[in-house]
Structures are given as C-alpha cells and as structure tokens.
Amino acid sequence: MKNILITGGAGFIGSNFVRYLQTAEPDLHLYNLDSLTYAGSLENLKDLPDPSLHTFLQGDIGDSALVNRILREYEIDTIIHFAAESHVDRSILGPAAFVQTNILGTFTLLEAAKNAWAGNYNGKRFHHVSTDEVFGSLSPTDPAFSETTPYEPRSPYSASKASSDHLVRAYFHTYGLPISVTNCSNNYGPRQFPEKLIPLMVLNAVQGKPLPIYGDGKQVRDWLYVEDHCEAIHLVLKQGKDGETYNVGGGNQPYNIDLVQEICAILDELHPQGKPHANLMTHVQDRPGHDRRYAIDITKIHAELGWQPRHDIASGLRATVEWYLQNPQWAQAVTGKEEYANWLNANYARR
Ligand code: NAD
Ligand code: DAU
C-alpha cells in the first residue's frame with residue numbers, strides 16, 4: 061500500500077478509518093473521494109493526525125472521468141470503498157439514489173480500477189466494505205451469518221449492497237481484479253450521522269424529545285464498535301487473500317429496546333437533566349420489511365487473521381455517549397441543516 065483512495069471518507073466509518081489508518085500507518089498518503097451528501101461532512105475530518113498526508117477530493121464515485129483521472133494522477137494502488145447511501149429507512153422512501161450510488165457507483169469504480177491497473181495487478185487491491193444485511197433476516201434460533209450464508213436482501217438498501225458485492229466478486233473471477241470484501245454488522249461510535257439508532261437516541265434524549273422504538277423493539281443487531289471495524293479492514297488489506305470475503309461482527313446482540321434502555325441509564329448518570337430518560341421511549345409504527353435479527357459468525361477472520369473485537373457493548377456504548385455529549389458543536393453542525401429537519405419529518409411525522 062502506498063497511495064490509497066478512500067471513497068466515502070467524510071462519512072461515519074470512512075472518517076474513522078482515515079484517522080485509524082493515519083495512526084496505524086503514518087507514512088501513507090490518503091486520497092479521500094466523497095461527494096458530501098447529507099451524510100458526509102468536513103466536520104468529520106477536522107483535527108486529523110496528519111492533514112499533510114490527506115487530500116480531500118469532492119466528487120461522485122459515479123463520475124467515471126473523475127475517477128479515472130484520480131486513479132492515474134495519484135498512482136492509486138489501493139482502493140477502500142466505503143461510499144454508499146447507507147440508511148435503510150431512506151432506501152424505503154427513496155430507493156433511486158441507492159441504485160445509482162451503491163450499484164452504478166461501485167460499477168464505475170471497478171471499471172476504473174480494471175482499466176488503470178490493466179496488465180499490472182501486482183500490489184493492487186480493491187477492498188469493498190459491505191454489510192451483513194445482504195444475508196437477510198434470522199429467526200431467533202437460526203445460526204449466525206457466515207461467509208457462505210446465501211444472500212437474501214430484503215430492503216432496497218441491502219439489495220443494492222448485495223448487487224455491488226456480486227459485481228465486485230464478478231470482477232475478481234472474470235478479470236482477475238484483486239478484490240477483498242468485508243460484510244460487517246451494525247457499527248456505532250463517534251461521528252455517526254444522527255439518523256441511525258444510537259446517535260438519534262442520544263441526541264433526542266438530551267433534547268427531551270421522544271425516542272421512537274419501531275414496532276415491539278425486540279429486533280436484534282450485532283453491535284460493532286467502529287474502531288474494531290477499522291482494525292479488521294486494515295488486517296484484511298494487509299493479510300487477507302485476494303478474492304476472499306470476511307465477516308466482521310461485534311458479538312453484542314441486545315434487543316433494540318434494551319439497548320435504548322441502556323443509553324438512557326448512561327444519560328441519567330452523565331446528563332441527569334431530564335432523567336429518567338427512559339420515560340421518553342415511545343413505540344411507533346414498525347419499519348416495512350423490518351429485518352428481525354442479525355448475528356455474525358467471525359470464525360473465519362479470527363482463524364485466518366487473528367481478529368476479534370476489542371470493545372464490548374458496555375464500554376463502547378459509554379464511550380460513544382460521552383463523545384456525543386462532549387461534542388455538541390459537531391451535532392449542531394450536522395443536524396442544524398434544513399435537510400435534517402425535513403428527514404425527521406418525512407420519516408417520523410406519520411408513524
Ligand atoms: P455514511 O452514510 O455515514 O457515509 C457515506 C459517505 O459516502 C458520506 O460521506 C457520503 O457523502 C459519501 N457518498 C455517498 N454517495 C456518494 C457518491 N455517489 N460519491 C461519493 N461519495 C458518496 O455511511 P457509513 O455508515 O459510514 O457506511 C460506510 C460503508 O459501510 C457503506 O458502504 C455501508 O453500506 C457500509 N456499512 C455500514 C454499516 C454501519 O453500521 N454504518 C454497517 C455495515 C456496512
Ligand atoms: O447491519 C449493518 C447495517 O446497519 C448497515 O449496513 C447500515 O448501513 C446501517 O444503517 C445499519 O442498518 P440498521 O437498519 O440495522 O440500522 P439503524 O440504526 O437504522 O437501526 C437499528 C435498529 O433500530 C433497527 O432494528 C431499526 C431500529 N430503529 C431505528 C431507528 C432509526 C428504531 O427502532 N427506531 C429508529 O428511530
């Protein structure tokens with residue numbers, strides 16, 4: 061790895077990864093291509109460990125002329141592809157952007173990599189960051205998702221990610237493009253856009269707003285602290301084999317409702333105004349097609365690369381709540397726009 065292109069590096073996981081990699085490998089030059097949708101923010105890239113080795117490029121992964129130029133001009137040898145439309149509820153209300161970015165955008169990047177690296181795949185890698193949602197929904201007794209679990213996506217978001225996964229693997233089998241894929245579970249931590257469960261609950265609770273629990277709140281997610289995810293991707297880049305897929309999960313699987321209770325308990329202690337915050341919990345109409353349960357089997361990445369998560373939900377959740385309480389200016393910058401108010405209205409007003 062020498063010249064790295066990170067796509068979507070102004071978003072939640074991408075910006076955490078930029079920080080992680082600058083600390084783990086301080087000599088690498090990182091090029092960060094991000095179109096700055098509602099979910100991306102330059103706020104996420106303030107105070108980087110080494111700004112001189114980070115070049116931000118605003119642009120769309122679907123712009124093939126731009127992507128071709130970046131790969132050649134900066135002699136990119138490694139692509140770490142985070143850019144995506146990432147929120148399930150938005151994919152239900154507006155699926156077109158998901159097809160455009162997640163499928164066509166990934167296709168554009170793959171074509172550009174194939175062309176730029178043609179004839180010399182040595183030392184190159186296209187790493188695709190994907191999700192456990194491609195595997196569908198588990199019953200309470202089903203075994204956890206492994207790398208060989210059949211794909212059964214059930215939302216426009218997960219269908220678009222599944223499609224992009226298939227394209228990435230097709231470029232390996234057909235053209236020999238050196239790829240790797242990680243399918244990971246729900247990330248949480250600093251700088252997550254407050255449309256997702258954990259930051260939404262923290263910020264709503266602090267403001268005394270209702271905490272909307274979809275349906276009975278007995279859905280299960282496999283929570284993974286974002287730094288652990290970054291470490292897994294780094295290991296796959298360095299030691300993972302071309303063409304391989306690795307599942308990455310946190311091993312923490314509470315019911316949503318218990319997770320929100322826990323957030324409220326932490327806030328009661330750290331931010332006692334408005335306590336007990338659990339009084340704000342409100343059951344609302346369920347998400348259509350709501351996946352009931354996810355769980356990830358990390359046997360492969362543990363056995364082959366020695367990875368396992370370092371954070372459990374108790375320590376990770378407390379660190380996360382503390383970060384949001386300590387960074388109100390970040391929350392104001394990313395939620396203070398009209399777009400955010402419009403989203404809350406579109407998703408919650410009629411629930
Ligand atoms: P995010 O929504 O916080 O960030 C996405 C970033 O991509 C934003 O900065 C946005 O501006 C950028 N982007 C969107 N469309 C673009 C385009 N056409 N061109 C260039 N940039 C574009 O997402 P996230 O939560 O950080 O997720 C990152 C990746 O990880 C996604 O591929 C997602 O599917 C995957 N993933 C996320 C989770 C999770 O829990 N957050 C779990 C598993 C997998
Ligand atoms: O599993 C990995 C996926 O996790 C990623 O691929 C997605 O990019 C990421 O958004 C996330 O998807 P989820 O739909 O699981 O995350 P979200 O935070 O939107 O919801 C988590 C759970 O909480 C889910 O069961 C729905 C529920 N929920 C969510 C919101 C926003 C609520 O009950 N109320 C809410 O207001």
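Note that the numbering used here has the sequence shown beginning at 61, numbered continuously upward.
Here a beta-carbon is modelled for each residue, glycine too, at the ideal position from N, C-alpha and C.
Every value quoted in this text rests on a predicted model; they were computed, and no experiment measured them.
When the Cα atoms are used, what is the spatial distance from Pro210 to Ala204?
12 Å
In chain order, each beta strand (DSSP E) run of at least 3 residues that lies wholly inside the stretch 144-207
185-191
I'd like to check one pair, Leu93 with Thr67: are the Cβ atoms closer than 7 Å?
Thr67 places its beta carbon less than 7 Å from that of Leu93.
In terms of residue numbering, what span does the alpha helix (DSSP H) encompassing Val344 cover?
First-last for Val344: 341-344, but that is the beta strand (DSSP E), not the alpha helix (DSSP H).
Any heavy atom of the ligand DAU within a distance shorter than 6 Å of the CB on Asn92?
No, the Cβ of Asn92 stays beyond 6 Å of every heavy atom of the ligand DAU.
The ligand DAU and Asp192: does the residue's C-beta get closer than 6 Å to at least one heavy atom of that ligand?
yes
Same chain, Cβ closer than 6 Å to Tyr80, five either side skipped, listed in chain order:
Cys290
From the DSSP output, in three-state form, read off Thr115 for me.
strand
With 16 other Cβ atoms within 10 Å as the buried cut-off, status of Gly69:
buried
Does the ligand DAU have even one heavy atom less than 6 Å from the beta-carbon of Arg281?
yes
What runs of the alpha helix (DSSP H), each 4 residues or longer, lie entirely inside the stretch 349-386?
359-365, 373-386
Check whether the Cβ of Pro86 lies closer than 6 Å to any heavy atom of the ligand DAU, and answer yes or no.
No.
Unbroken alpha helix (DSSP H) run spanning Val262, endpoints
257-266
Distance check for Arg251 and Leu257, CA to CA, integer angstroms please.
13 Å
Option nearest Ile356 by Cα separation, candidates Gly268, Arg281, Ile323
Arg281
With a threshold of 6 Å, establish whether the CB of Phe167 neighbours any heavy atom of the ligand NAD.
no
Looking at C-alpha atoms only, which residue of Asp288, Asn243, Tyr315 is the closest neighbour of Lys278?
Tyr315
Starting from Pro272, trace the alpha helix (DSSP H) in both directions and tell me its first and last residue.
Pro272: not part of any alpha helix (DSSP H); member of the beta strand (DSSP E) spanning 271-274, first to last residue.
How about Tyr285 and His371: do their beta carbons lie closer than 7 Å?
Between Tyr285 and His371, the CB-CB gap stays under 7 Å.
Considering only the alpha carbon of each residue, which of Val262, Pro86, Val308, Gly275 lies closest to Thr242?
Val308
Could you have a look at Thr234 and say whether DSSP puts it in helix, strand or coil?
DSSP places Thr234 in the helix class (H, G or I) of the three-state scheme.
Beta-carbon contacts of Pro254 that lie in its chain and below 6 Å, excluding the five residues immediately before and after:
Around Pro254: Leu260, Leu263, Thr395.
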